[in-house]
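According to this note's numbering, the sequence shown is numbered sequentially starting from 25.
For every residue, glycine included, the Cβ atom is placed at its ideal position computed from N, Cα and C.
Here's the structure we're looking at; comments come further down.
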Amino acid sequence: MSNNQRQNMIRHRKIAAVALVAVLLAACSPGETATQAQPTTTSTPEPELEQELEPVEEPKPEATVAPTESATAEEFSFAYHLHESLPSEWVAEFETIMDDIGELAPISPRVSEVSHFQSPMDIWAWVNTVENPFPEAPGVSGMCICGDGPESWRSLEMHPESFVPQRRGLSDEEKLDIHRYQVIVHEYFHVFQVAISGDRREPIWLFEGGAQALENLYSQQRYGESSFEHSLFPITATWVEDPSPLEGYEYTQADNNYGFSTFMTLALVKELQLQQEISEADAFRLVLVDFQEAKFDQDDWEKVFAETFGMRPDEFYATLNKYTITESPEEWYEGDVVDASPAMPSEDIRIEDIFSQTE
Ligand SMILES: [Zn+2]
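Okay, structure coming up:
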């Protein structure tokens, strides 16, 4: 795990243990940077990790392999490096999903103005039963859009558990974790967000919550399965009164599976439908596309938020009080949780309709 030692941000998916949340909180006090919040021992059924990296001083050697390139926009493409450790089924689905999401939500041509996002962007993917198998890219690890300053890449360090049937926390049904496909969409969408916003990511709850929302919209539409089915449970009630700490990464990494961030993103969509009397797809477009786009040359995200959504961030935060907080109804999770079911999207919403007006 030596690669992880130098990574700034890390998060753990679908963590079932309250104790671990406490550990993460302790490890992520304000002002602390480059801490590792490496999950230790949990009974989590889904051990995927995702890391969000700030640029690190880690030079990346030139790639020497001839990669497969797949155009997703006129002048922007990805270069796939898919290691033989990956199941062929996943590799085939990866390519299908990348083509699919690339058509549904094309990368903005303005990506050419984001200097550290070069084209083609390398995607390194492997199963971490082996250490990073790419000698030409020794600094690559985790699940992230990562960078070394001048360059960025996508890393998909898959865990072997993703390819083994296993029990999920909420069901006795044994099946493969749909997250093995969702993560492809999640990391793709970060590239979309960075391109359209000029890499202005704040607030992080919307940057990460937006990617989580889209990966679930995608898996709901294409695979009939998503975290919406159980209303993103468990969403810890920690930030209901004041979610502002989730505007930055320091606390967002303590947000279990970005659950609260995703809840906020979906709650914002619902609030916009209500206040502006617009369709669900239009509200999603405002949140996932228009807001990011409006930030492109604006550093004051709060101002852009107010202009795009017709309410200030604090005004939106106050609306979260309408959601019910209960003791966890599930034995495997302890603590107060938010009942986010009123914020869940329609089952028949289509991604095509959300992105139909974008380039
Ligand atoms: Zn992410």
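Assigned exposure category for residue i - 16 Cβ within 10 Å defines buried
i: residue 1; result: With the chain represented from 25 up to 383, any question about residue 1 goes unanswered, as that position is not in the structure.
i: residue 378; result: buried
i: residue 342; result: exposed
i: residue 277; result: buried
i: residue 323; result: exposed
i: residue 380; result: exposed
i: residue 150; result: buried
i: residue 140; result: exposed
i: residue 229; result: buried
i: residue 204; result: buried
i: residue 331; result: exposed
i: residue 174; result: exposed
i: residue 57; result: The predicted model places residue 57 with a pLDDT of 30, which falls under 50 and marks its position as unreliable; any figure quoted below should be read in that light. It counts as exposed.
i: residue 374; result: exposed
i: residue 146; result: buried
Distance cut-off 7 Å: residue i Cβ against heavy atoms of ligand 1
i: residue 237; result: no
i: residue 214; result: yes
i: residue 271; result: no
i: residue 232; result: yes
i: residue 254; result: no
i: residue 203; result: no
i: residue 107; result: no
i: residue 140; result: no
i: residue 210; result: yes
Presumed contact (8 Å Cβ cut-off) between residue i and residue j, rounded CB distance
i: residue 186; j: residue 201; result: 6 Å
i: residue 101; j: residue 144; result: 4 Å
i: residue 177; j: residue 148; result: 6 Å
i: residue 318; j: residue 367; result: Between residue 367 and residue 318 the Cβ distance is about 23 Å, and since that is not below 8 Å, they are no contact.
i: residue 264; j: residue 345; result: 7 Å
i: residue 360; j: residue 371; result: Actually they do not touch by this definition, with Cβ atoms about 28 Å apart.
i: residue 315; j: residue 208; result: Wrong, their Cβ atoms sit about 24 Å apart, outside the cutoff.
i: residue 18; j: residue 365; result: Outside the displayed span of the chain (25 to 383) sits residue 18, for which this structure offers no information.
Beta bridge counterpart(s) of residue i as assigned by DSSP
i: residue 229; result: Note: residue 229 sits in no beta bridge, so no partner.
i: residue 171; result: 176
i: residue 150; result: 181
i: residue 362; result: 349
i: residue 122; result: DSSP, once it has assigned bridges, lists no residue as partnering residue 122.
i: residue 106; result: 149
i: residue 260; result: 361
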